[in-house]
Structure formats: structure tokens, C-alpha cells
Amino acid sequence: MTPALTTTEPATTSAAAATLDRPAVRLSHVHKSFGRPGAATPVLDDISLDVAPGEFVTLLGASGCGKSTLLNLVAGLDRPTSGDIEVPGGRPALMFQDHALFPWLTAGKNIELALRLAGVPKAERRAEAERLLELVRLGGAHKKRVHELSGGMRQRVAMARSLAQGAGVLLMDEPFAALDAITRDVLHDEITRIWAERQLTVLFVTHNVREAVRLAQRVVLLSSRPGRVAKEWRIDLPQPRRIEDAGVADLSIEITEELRGEIRRHVQH
Amino acid sequence: MSSTDTTTLVKDRSGDTASVEAGLDALDSVQVQRTPLTQVLRQKVLPPVLGVLLVLGVWQLAFSLELTTPDKLPSPAAVWSSLTDLWYEGTLFSIIWTSVWRGLSGFVAAVAIGTPIGLLVARVKPVRAALGPVLAGLQSLPSVAWVPAAVIWLGINNSAMYAVILLGAVPSIANGLVSGVDQVPPIYLRAGRTLGATGLAGARHVLLPAALPGYLAGLKQGWAFSWRSLMAAELIASSPDLGLGLGRYLENQREFNDMSGVLLGIVLILVVGVAIDLLVFSPIERRVLRNRGLLVTTR
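Sequence lines, in order, name chains A and B.
Sequential numbering from 0 applies to the first sequence in numbering that gives the first Met the number 0.
Sequential numbering from 0 applies to the second sequence in numbering that gives the first Met the number 0.
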């Protein structure tokens, strides 16, 4: 995805290189506590993490590791107690476990609302919504009501709506956790394809180790209570992978062992 | 490890995924069918019609058995002839219209006042703390209780009628909106904020449409309260300035000891109240709920 940049005019190369060097998301020493000062419970402790433009990173952790809190901070829905969060590309898009589509609008109108709020002119919204629905292979679903769609279709419309924001960074908060295994496999293929096609930066939260390994270029394991970066793995297996691949399985076993170790630490207290 | 190998692999996977996905979509999609008209007639229309016929039958039977004197319980036919009398006098529609116009215009004013109050109570914490309990309390106060006060403040005129309607309907409209806003799932508000719908845009595109079902329920109840309050006010307050509405007609027939006229008045008040609900509010409510998939299971 970079060759286009290296062949451009020298004047623009320096600017392009500058943005290229900058991470799409940078967390520096982020702390987050909830509750009154003094009696506050730390949820995230000194999280530092860079996500490069176009990178696919999964955040993995057991309950209480503050994964969702972390995504909320990056999405700008909440502020860190201390530390810095930079998202140079502007407000990221956020997908939830619940599709969160608005039931009073059709599938297409949900996407058009996102386009409208992103400042897309009225005349272009309809066609752009159709294009996004085609992208998630739901061409022709424009007029469908949310309740007429299956769980997998709803998540795909939600994906299209997130993309409609035009954000370079897509945050995903266990978006496939409520789906059945076959639908989830299909959506893994789809998010991998769309990530590559659209050159998105993805920060994907999950507690499913195999899912994390199936999708990511890098898996970040968080410890629990408070959440800290425990360990990282770079994954060079070629895409598209299958969740059943031997490479995915081997690494999943290794990461699961680490995760179990992290969970076990909490017994002693 | 040539690049062609990988691209064919990607293509194959992509086609494979697409077809599995299409199959899943076909299998999992919810088929929403509208019930056929005959079934609607049989299940929804027939039972209430039978219910009304049953009431008429019992009434006729009680009359035929002479359980009491005809001046206390006239026959259904006598009430019917009171109706046709009004029809031939040409006053039937003017009586109904006087009350319906008053009720609807009062209701519209109640919506205009109750909606901003409801929004303020729902979204502004101090306002809610102060006004919330007052509104809830007012809702349980029968609005007839306001008639004497309204008459003393405003005199026996249309203003007093409207005041009673407003005092009856505004609290239930405001409360409906408050509970509608309270029941908005927080996920919609979060989703709205990530999409950039904050402030007024958030209210317009997310909060208000999400609160619509609760608001409609409040409007429906608000109409019922408007109509009841108005009938009570017309019954109690008597003045030539007010014109002849349904409540006044009912009271006049009592003064003439015309029991079939009294029964006709009661039936007309009931029919108008139900008709407005069925013709105006129910279709809107059903449409809103059906669009949101909240009307899939029917009773």
C-alpha cells in the first residue's frame, strides 16, 4: 500500500513521509481510574501503544482488563485520568458488540445518516450508501428494516455505517462476539478483505484468542485489574487465514497459556 | 511461493466467502409478512363486534323482562330513535363537532406545552428533581377537580374549558416523553456520539426518534385525558356562551329526565373517544412500532 507514496513528487514526499512516520493511534502512559479521587479504582495503568497506519492490532485480555474502557478513550467518548491519546486522523469510527443500528431507519438510511453527520453533501449520500452496502455484500438491502436482517447482516450494515464516517481508524469492541461460529468466520473474512481494500487501521478488542490470531498483524495481551500491556506478538502468517490453520492454532495455544497465567495471578490475593 | 498462488487463493476464498455469506443471509433473514385481511377481520374486528352485540342483547333482554321501568332503562330502539331525532333536527354533527373541536384544539395546545416541559424534565437534572414529582402527582389528580378553580379564575367560558383540558393532558404528555427518553437504550446515544451526533444534532437524529414510541404512548393517554376532562367540564359548567357540546347535551337530557337521551349522550362520548384513538393514534403508533420490528408478535 506504500509504493504510491514513494513515487510522488519530492515536495509532497516529505509531508507524506511525516504522516507515514506518525502512528495512526498513539497512547502514551495512559492511566484511567474510576471513582472518587482517593478511593479511585485504577482500570488502565500506564498503557503505551502505537498503532501504525494500515495496521491491524487486536487487544486481548480477560474480564476486567479495561479493553472497552481503552476503546472508549481512543474513540473520545471518555478522557484518560492522565497520559495522552493522539489520533491524528480525527475521530475514529467505533463498532460495538451490539450492532447499535437505529431501528427507526432502514439499513441504507442508517448509513446515509452517518454520511450526513460526516458532512457528505445530500446529493452524494444515496449513491455512497449503495456503494458501502455493496462493499459489505448487501447491495439491495438499502430499504431493509433493521429487524428484517440477520445478526451477521446487521453487523455488516454496522460495518458499512462505521466506514461511512470516513475515518481512517476503525475501533471494534468485540463486534462478532454475539454471532454464531459460521457467521463469525465469514465476517472474519470480510473484515480482513475490507481492511486490505480500504487500507484501514484497525484496533480490535476481543477475549477470543483464536479470533485475535486469525485477524491481526499484532496481538497485544493486556493484564487484568488494572489493565497493563503484558506481552505482544507479531503475526506474519499470510492472509487470508482460517481460524483452523495450524499456524493460528499453535500461536493461539501459546497466547492462551500466557492469558491463563495472567488470570491465575489474581488467585493469590 | 509465487504471487499468483496467493492471488488465486484470495480470489477463491473471496468467492467461497461470498457464497457462504449469501446462503447465511438467505437462511437467517427474518421474513416479515403482513397478516392477510381476512385474518385481520376474523381475529381483530369480529370479536369486538360480537362483544358490542352481546351488550346490546343483554340490554334488550333486560328491557323485555321489564327489570325496571322504561324511564330508567329505555330500549336500544328508543336510544336509536333519539339519535335519529338529533339527525333530523340537524344538530347531531354540530353537537359532536363543538366538543371534538374543543377537545382537539385543547389537545394540540397541550402537546405544544407538554413537549418542551417533557424535554426539559427528561434532560435537565435540576428541573427533573423539581418538576418530576409534581408532574407525576398531577397525572394522578382527576382533572375534574380543576373545574371549580378554572371557573372562578376564568369564568364560565371556553378559556375555562381549555384550562381544564391542559391541566389534564399536559402532565401525561410530558410524562410520556420523559419515560420515552428514559427508555432510550444507552447504546443508541453512544453510537450517535461516535457518529458525531452531539448536541442538537444528537437530539434531532438520535434522542427524539428513539424516544418516539414512549412519546406516542403519552400522546395517546394525553388525548384520553383531554377528552375526559372536557366532558367533565362541559357537564359541570353551563352557560349559553359555551354552545351545545356532548357534555352539555348529556346534562340537558338529564334535566329533561330523558333517559334515552342520556344514554345516547354516553354512547356518543364513548364512540368519539374510541374513534379518535382508532383513527388517529393507533395507525401512527402501529406504523412506528412495525417499522422498528416491535410489532412482530401480535396478541
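Even for Gly, the Cβ is constructed at its ideal location relative to N, Cα and C.
Helix, strand or coil, according to DSSP, for Ser281(B) in the structure here? As a working note, residue 281(B) is residue 282 in the second sequence. It is helical.
Check distances from the C-beta atoms of the region 173-191 of chain B to those of chain A and list, in chain order, the residues that come in under 7 Å. Ile186, Tyr187, Arg189 and Ala190
So is Pro212(B) buried or exposed if we call it buried at 16+ other beta carbons inside 10 Å? In the second sequence, residue 212(B) corresponds to position 213, counting from 1. By the 10 Å Cβ count, Pro212(B) comes out buried.
Tell me the rounded alpha-carbon separation between Ala157(A) and Leu165(B). The residue you call residue 157(A) lines up with position 158 of the first sequence. The residue you call residue 165(B) lines up with position 166 of the second sequence. Using only the alpha carbons, I get a separation of about 43 Å.
Against chain A, does Arg286(B) count as a neighbour if the rule is that its beta carbon must be under 8 Å from one of theirs? Here residue 286(B) corresponds to residue number 287 of the second sequence, with the count starting at 1. For Arg286(B), the answer is no, since every Cβ of chain A falls outside 8 Å of its Cβ.
When the Cα atoms are used, what is the spatial distance from Ser161(A) to Gly244(B)? Mapped onto the first sequence, residue 161(A) falls at position 162. Mapped onto the second sequence, residue 244(B) falls at position 245. Cα to Cα, Ser161(A) sits roughly 57 Å from Gly244(B).
Unbroken alpha helix (DSSP H) run spanning Val254(B), endpoints: Here residue 254(B) refers to the residue found at position 255 of the second sequence. Residue identity check: residue 254(B) is Glu in the sequence provided, not Val. Where Glu254(B) is concerned, the enclosing alpha helix (DSSP H) stretches over Leu245 to Glu254.
Among Gly118(A), Gln198(A) and Gln96(A), which one has its Cα closest to the Cα of Gln284(A)? With chain A represented from 0 up to 268, any question about residue 284(A) goes unanswered, as that position is not in the structure.
Burial state of Val99(B), where buried means 16 or more other Cβ atoms lie within 10 Å: As a working note, residue 99(B) is residue 100 in the second sequence. Its Cβ being crowded by 16 or more others within 10 Å, Val99(B) is buried.
What three-state label does DSSP hand Gly221(B) in the structure shown? Here residue 221(B) refers to the residue found at position 222 of the second sequence. Helix at Gly221(B).
Pairwise C-alpha distance: Val218(A) and Thr114(B): Along the second sequence, one-based indexing puts residue 114(B) at 115. Along the first sequence, one-based indexing puts residue 218(A) at 219. Rounded to the nearest angstrom, the two C-alpha atoms are 50 Å apart.
Simplified DSSP assignment, three categories, for Thr90(B): Counted from its first residue, the second sequence places residue 90(B) at position 91. Thr90(B) falls in the coil class under three-state DSSP.
Taking buried to mean at least 16 other C-beta atoms within 10 Å of its own C-beta, is Ala121(B) buried or exposed? Taking the first residue of the second sequence as 1, we reach residue 121(B) at position 122. With 16 or more Cβ atoms within 10 Å of its Cβ, Ala121(B) is classed as buried.
Step through the CB atoms of chain A and report whether any lies within less than 8 Å of the CB of Gly292(B). Residue numbering aside, residue 292(B) sits at position 293 when the second sequence is read from its first letter. Output row for Gly292(B): interface = yes.
Inspect the beta-carbon positions of Asp49(A) and Arg78(A) and report whether they are closer than 8 Å. Within the first sequence, residue 49(A) is the residue found at index 50, counting from 1. Within the first sequence, residue 78(A) is the residue found at index 79, counting from 1. No. Outside cutoff.
Relative to the C-alpha of Glu253(A), which residue among Arg240(A), Arg209(A) and Ser222(A) is closest? For the purposes of this step, residue 253(A) is taken as the residue at position 254 of the first sequence. Out of Arg240(A), Arg209(A) and Ser222(A), Arg209(A) has the C-alpha closest to the C-alpha of Glu253(A).
Taking the C-alpha atoms as reference points, what is the distance between Arg285(B) and Leu36(B)? In the second sequence, residue 285(B) corresponds to position 286, counting from 1. In the second sequence, residue 36(B) corresponds to position 37, counting from 1. Taking the straight line joining both Cα atoms gives about 16 Å.
Hey, is Thr114(B)'s beta-carbon within less than 8 Å of any beta-carbon in chain A? Looking up residue 114(B) in the second sequence gives position 115. Answer no: the Cβ-Cβ gap between Thr114(B) and chain A never drops below 8 Å.
Neighbourhood of Ala17(B) by C-beta distance below 8 Å, restricted to the same chain and skipping five residues each side: As a first step, residue 17(B) is located in the second sequence; it is residue number 18 there, counting from the start. Hits under 8 Å: none found.
How is the alpha helix (DSSP H) around Glu111(A) delimited, first residue to last? Within the first sequence, numbered from 1, the residue matching residue 111(A) stands at position 112. Its alpha helix (DSSP H) spans residues Ala106 to Leu116.
Write down every uninterrupted run of the alpha helix (DSSP H) in the region 167-223 of chain A whose length is 4 residues or greater and which is fully enclosed by it, in chain order. 180-197 and 208-214
Whole angstroms is fine: what's the gap from Gly292(B)'s alpha carbon to Ala92(A)'s? Here residue 292(B) corresponds to residue number 293 of the second sequence, with the count starting at 1. Here residue 92(A) corresponds to residue number 93 of the first sequence, with the count starting at 1. Taking the straight line joining both Cα atoms gives about 26 Å.
Contact between the region 107-122 of chain A and the region 183-202 of chain A (3+ Cβ pairs under 8 Å): no
Give the secondary structure of Thr255(A) by DSSP, where H, G and I count as helix, E and B as strand, and everything else as coil. The residue labelled residue 255(A) in the question sits at position 256 within the first sequence. Reduced to three states, the DSSP call for Thr255(A) is helix.
Every unbroken alpha helix (DSSP H) inside the region 15-72 of chain B [4 residues or more]: 36-39 and 45-63
Taking Gly272(B) as the reference, give the member of Ser228(B), Val287(B) and Arg289(B) with the closest Cα. Against the second sequence, residue 272(B) aligns to sequence position 273. That would be Ser228(B), whose Cα lies nearest to the Cα of Gly272(B).
Under the three-state DSSP convention, the category His265(A) falls into: Along the first sequence, read from residue 1 onward, the residue named residue 265(A) stands at position 266. Here His265(A) sits in coil by DSSP.
Could you name the residues that DSSP lists as bridge partners for Lys121(A)? Within the first sequence, residue 121(A) is the residue found at index 122, counting from 1. The partner list for Lys121(A) (beta bridge, DSSP) is empty, contrary to what the question assumes.
Exposed unless 16 or more other CB atoms sit within 10 angstroms - verdict on Asp184(A): To locate residue 184(A), count along the first sequence from 1; it is residue 185. Buried: at least 16 other Cβ atoms inside 10 Å.
Report yes or no: is there a C-beta of chain A within less than 8 Å of the C-beta of Asp276(B)? Within the second sequence, numbered from 1, the residue matching residue 276(B) stands at position 277. No, Asp276(B) lies away from the interface with chain A (no Cβ there is under 8 Å from its Cβ).
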